[in-house]
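Peer 1: What follows is a structure written as structure tokens; I'll ask about it next.
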Amino acid sequence: GTTKPILTVTLFGRWYESDPPRPEKGPAQL
Amino acid sequence: LDKYVAAVYEHSVILPETTQKPVSSEDALKLMNKNMDILEEVIKRAAAQGAHIIVTPEDGIYGFFFTRETLYPYLEDIPDPQEVNWIPCNDSQRFGPAPVQERLSCLARENAIYVVANIGDKKPCNPTDPKCPNDGHYQYNTNVVFDSDGKLVARYHKFNLFMSEAQFDFPKEPEVVTFNTSFGKFGVFTCFDILFHDPAVTLVSELKVDTILFPTAWMNVLPHLTAIEFHSAWAMGMQVNLLSSNTHKTGMNMTGSGIYAPDGSQAYHYDAESENGQLLVAELHSHPSISPTYLHSVNWSLYATAIKPFPENNNFKGIIFFDEFTFSKLNSQAGNLTVCQKDLCCHLSYRMTEQQEDEVYALGAFDGLHVVEGEYYLQICTLLKCRTTDLQTCGEPVTIAHTRFGYFSLSGTFSTNYVFPEVLLSGVHLAPGEFQVLSDGQLISQN
Chain A
6 GTTKPILTVT
16 LFGRWYESDP
26 PRPEKGPAQL
Chain B
104 LDKYVAAVYE
114 HSVILPETTQ
124 KPVSSEDALK
134 LMNKNMDILE
144 EVIKRAAAQG
154 AHIIVTPEDG
164 IYGFFFTRET
174 LYPYLEDIPD
184 PQEVNWIPCN
194 DSQRFGPAPV
204 QERLSCLARE
214 NAIYVVANIG
224 DKKPCNPTDP
234 KCPNDGHYQY
244 NTNVVFDSDG
254 KLVARYHKFN
264 LFMSEAQFDF
274 PKEPEVVTFN
284 TSFGKFGVFT
294 CFDILFHDPA
304 VTLVSELKVD
314 TILFPTAWMN
324 VLPHLTAIEF
334 HSAWAMGMQV
344 NLLSSNTHKT
354 GMNMTGSGIY
364 APDGSQAYHY
374 DAESENGQLL
384 VAELHSHPSI
394 SPTYLHSVNW
404 SLYATAIKPF
414 PENNNFKGII
424 FFDEFTFSKL
434 NSQAGNLTVC
444 QKDLCCHLSY
454 RMTEQQEDEV
464 YALGAFDGLH
474 VVEGEYYLQI
484 CTLLKCRTTD
494 LQTCGEPVTI
504 AHTRFGYFSL
514 SGTFSTNYVF
524 PEVLLSGVHL
534 APGEFQVLSD
544 GQLISQN
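See the structure below:
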């Protein structure tokens with residue numbers, strides 16, 4: 006087993022082909 | 104060299120005073136020299152421990168909270184190392200005043216170590232250029248690399264700027280920056296770039312770099328986007344070394360640096376308590392793709408699409424970092440469970456050995472476009488501890504757990520083969536050597 010209890014076990018998938026087109030303008034101010 | 108020694112430094116950056124008016128270039132340099140005084144000591148320590156290369160963080164020399172105007176005094180003209188052969192330590196004035204590049208170059212040369220740093224580049228542009236900003240120049244968030252002779256060998260302009268970086272421009276096209284050494288081929292990008300295809304995936308999949316250099320100023324977001332968790336997972340998913348150097352600023356949730364290899368973390372640091380910096384040093388394979396532990400191919404959906412789905416419990420909705428997940432509670436001490444959202448079905452087999460009655464775990468699935476601090480498409484399968492026994496808290500950040508698992512297997516019917524395996528333990532710890540990825544796409548406990 007693991008040395009400590011689990012907080013999270015995750016498969017984090019990135020489906021790049023489904024990303025929207027990149028905006029022409031730069032990022033907005035937060 | 105078959106192996107080399109890498110160093111990363113998590114730097115508690117000294118910030119300039121917040122001002123609406125630009126400071127003089129002398130005052131800007133004074134502040135940057137204070138940070139470089141600390142980096143100098145660390146570079147000497149790393150070199151004394153045999154490090155071949157050291158990575159320092161994004162914003163690690165001038166800090167943050169700038170406008171476009173207030174950043175300007177901190178910028179230098181950084182030439183393209185593909186076009187010039189330049190050792191700033193020998194000839195600092197060749198491209199205009201460059202005291203920061205000069206000092207970094209001399210530190211690399213005097214300590215015979217590659218130095219990676221993040222500074223600002225300014226480039227004048229022609230008003231006939233329709234994208235030229237009104238103030239007549241571009242300014243870029245820039246990584247620079249000096250080799251052990253002090254020569255500028257790489258310059259990278261950040262492409263995927265984070266939403267608060269309005270002080271910078273992004274290059275027209277993503278830059279794919281690599282350089283060769285006697286200890287492998289290196290690529291470089293910055294912080295938010297890691298969530299996107301270009302240039303990050305291109306560097307690994309097409310240019311076949313061995314190690315990524317990754318200065319970052321990463322704000323941690325549990326449960327999936329904490330620095331040590333996501334960056335170590337990216338190194339495993341991409342089967343590449345990743346030298347991740349984070350800025351240390353606990354008030355902004357910035358901590359978590361590491362030396363990550365395809366088979367797990369070799370060294371990492373996470374400190375949400377103190378304001379101290381930390382140097383990490385570890386040995387890596389120069390060419391991980393020919394090391395014995397390299398996983399040549401994983402089909403991330405093979406197991407999940409081959410098996411008959413397990414029973415689904417009563418599903419419920421929950422939010423993780425603004426995305427609506429479909430969850431299913433783990434109702435018994437051991438079992439098999441499936442939860443689906445759109446095209447993604449996630450399967451979990453598990454056995455708890457020491458279940459705590461005041462803790463609830465849930466299996467979650469998300470298949471959709473994340474649209475908050477950026478727009479990127481995610482497919483996520485996650486087993487997580489809910490914040491309280493109230494199911495409405497599932498997905499909220501949690502740092503402590505007590506329930507022990509003797510076994511787990513997590514898999515999903517992913518449409519992509521770019522999947523990053525994350526395991527985070529109680530206290531925000533990584534678990535190198537305690538889990539493994541099978542070639543059929545199962546993430547399982549090691550024992």
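Protein chains in written order, with our numbering: chain A, 6 to 35; chain B, 104 to 550.
Note that beta-carbon positions come from the ideal geometry of N, C-alpha and C, so glycine has one too.
Between the region 535-547 of chain B and chain A, which residues of the former have a C-beta closer than 7 Å to a C-beta of the latter?
Peer 2: Cβ contacts with chain A: 537, 546.
Peer 1: Quick check on residue 18/A - is its C-beta less than 7 Å from some C-beta in chain B?
Peer 2: Yes - at least one Cβ of chain B is within 7 Å of the one on residue 18/A.
Peer 1: By a C-beta neighbour count over all protein chains shown, 10 Å radius and 16 as the cutoff for buried, is residue 369/B buried or exposed?
Peer 2: Burial call: buried.
Peer 1: Where does residue 380/B fall in DSSP's three states?
Peer 2: Residue 380/B falls in the coil class under three-state DSSP.
Peer 1: State the Cα-Cα distance for the pair residue 110/B and residue 389/B, rounded to the nearest angstrom.
Peer 2: In a straight line, the C-alpha of residue 110/B is about 14 Å away from that of residue 389/B.
Peer 1: Nearest CA to the CA of residue 444/B: which residue from 125/B, 236/B, 466/B?
Peer 2: Checked all of 125/B, 236/B, 466/B; the closest Cα to residue 444/B is 466/B.
Peer 1: Taking contact to mean 3 or more Cβ pairs, one atom from each stretch, closer than 8 Å, check whether the region 473-486 of chain B and the region 411-420 of chain B are in contact.
Peer 2: Result no; under three Cβ-Cβ pairs closer than 8 Å.
Peer 1: State whether the region 332-349 of chain B contacts the region 374-394 of chain B, with contact taken as three or more CB pairs (one from each stretch) at a distance under 8 Å.
Peer 2: Yes, the region 332-349 of chain B touches the region 374-394 of chain B.
Peer 1: Tell me whether the beta-carbon of residue 126/B lies closer than 7 Å to the beta-carbon of residue 163/B.
Peer 2: No; because the gap between Cβ atoms is not below 7 Å, this pair is not in contact.
Peer 1: Residues of chain A with a CB under 9 Å from the CB of residue 488/B: which are they?
Peer 2: In chain order: 10, 11, 12, 13.
Peer 1: Run through the DSSP bridge pairs and tell me what residue 515/B is partnered with.
Peer 2: Note: residue 515/B sits in a beta bridge opposite 449/B.
Peer 1: Compute the distance between the beta-carbons of residue 313/B and residue 352/B, then report whether it is under 7 Å.
Peer 2: No, the Cβ-Cβ distance between residue 313/B and residue 352/B is not below 7 Å.
Peer 1: Would you give the residue range spanned by the alpha helix (DSSP H) that residue 213/B belongs to?
Peer 2: Note, residue 213/B: alpha helix (DSSP H), 202-214.
Peer 1: Does the CB of residue 300/B have a neighbour CB from chain A at under 7 Å?
Peer 2: Yes, because at least one Cβ of chain A sits closer than 7 Å to the Cβ of residue 300/B.
Peer 1: Write down the C-beta distance between residue 348/B and residue 317/B rounded to the nearest angstrom, noting that I regard them as a contact closer than 8 Å.
Peer 2: Right, their Cβ atoms sit about 7 Å apart.
Peer 1: Name the residue from 118/B, 435/B, 145/B whose alpha carbon lies nearest to the alpha carbon of residue 132/B.
Peer 2: When each option's Cα is compared against that of residue 132/B, the closest is 118/B.
Peer 1: According to DSSP, which residues form a beta bridge with residue 467/B?
Peer 2: DSSP lists 430/B, 485/B as partners of residue 467/B.
Peer 1: List, in order along the chain, the chain A residues whose C-beta lies closer than 7 Å to that of residue 413/B?
Peer 2: Here the premise fails: no neighbours, minimum Cβ distance about 16 Å.
Peer 1: Consult DSSP for residue 333/B and reduce its assignment to one of helix, strand or coil.
Peer 2: It is helical.
Peer 1: Taking only beta-carbon atoms, is residue 26/A less than 7 Å away from chain D?
Peer 2: Given the protein chain composition of this structure (A and B), no chain D is represented.
Peer 1: Output the distance between the C-alpha atoms of residue 336/B and residue 329/B, rounded to the nearest integer angstrom.
Peer 2: Near 11 Å, if we compare the C-alpha coordinates of residue 329/B and residue 336/B.
Peer 1: Please work out which residues of its chain come closer than 6 Å, Cβ to Cβ, to residue 104/B, disregarding the five sequence neighbours upstream and downstream, and give them in chain order.
Peer 2: Excluding positions up to five away in sequence, the list reads 285, 286, 389.
Peer 1: What are the boundary residues of the beta strand (DSSP E) that includes residue 349/B?
Peer 2: Its beta strand (DSSP E) spans residues 344-349.
Peer 1: Can you name the residues of chain A whose CB is closer than 8 Å to the CB of residue 478/B?
Peer 2: Those within 8 Å of residue 478/B in chain A are 24, 25.
Peer 1: Leaving out five residues before and five after residue 282/B in sequence, what residues of the same chain have Cβ atoms less than 7 Å from its Cβ?
Peer 2: So the list reads 248, 256, 257, 289, once near-sequence residues are dropped.
Peer 1: For residue 154/B, which residues in the same chain have their Cβ closer than 8 Å to its Cβ, ignoring the five residues on either side in sequence?
Peer 2: Here the set comprises 108, 109, 110, 216, 384.
Peer 1: Tell me which residues share the same chain as residue 34/A and place their Cβ nearer than 6 Å to its Cβ, disregarding the 5 neighbours each side in the sequence.
Peer 2: Because residue 34/A sits at a pLDDT of 43, beneath the cut-off of 50, its placement in the model cannot be relied upon, and the following sentence gives the value as read from the coordinates. So no residue of the chain qualifies.
Peer 1: Which term fits residue 340/B, buried or exposed, when burial requires 16 or more other beta carbons within 10 angstroms of its beta carbon?
Peer 2: Buried: at least 16 other Cβ atoms inside 10 Å.
Peer 1: Taking the beta strand (DSSP E) that residue 146/B belongs to, which residues open and close that run?
Peer 2: Unbroken run through residue 146/B is the alpha helix (DSSP H), 128-151; no beta strand (DSSP E).
Peer 1: With 7 Å as the limit, tell me which residues of the region 510-530 of chain B have their beta carbon closer than that to any beta carbon of chain A; keep them in chain order.
Peer 2: Result list: 511, 513, 515, 517, 518, 519, 521, 522, 523, 524, 525, 526, 527, 528, 529, 530.
Peer 1: On the three-state DSSP scale, how would you describe residue 310/B?
Peer 2: Residue 310/B falls in the coil class under three-state DSSP.
Peer 1: Based on the DSSP output, what are the partners of residue 538/B in its beta bridges?
Peer 2: Bridge partners of residue 538/B: 548/B.
Peer 1: Are three or more beta carbon pairs between the region 166-174 of chain B and the region 266-276 of chain B nearer than 8 Å?
Peer 2: Yes, since at least three Cβ pairs between the region 166-174 of chain B and the region 266-276 of chain B fall closer than 8 Å, the two stretches touch.
Peer 1: How about residue 506/B: is its C-beta nearer than 7 Å to some C-beta of chain A?
Peer 2: It does; some Cβ of chain A falls within 7 Å.
Peer 1: Since residue 326/B meets chain A, which of its residues come closer than 9 Å, beta carbon to beta carbon?
Peer 2: The contacting residues are 12, 13, 15.
Peer 1: Can you pull the chain A neighbours of residue 501/B, defined as C-beta to C-beta under 7 Å?
Peer 2: Near residue 501/B (Cβ distances below 7 Å), the residues of chain A are 12.
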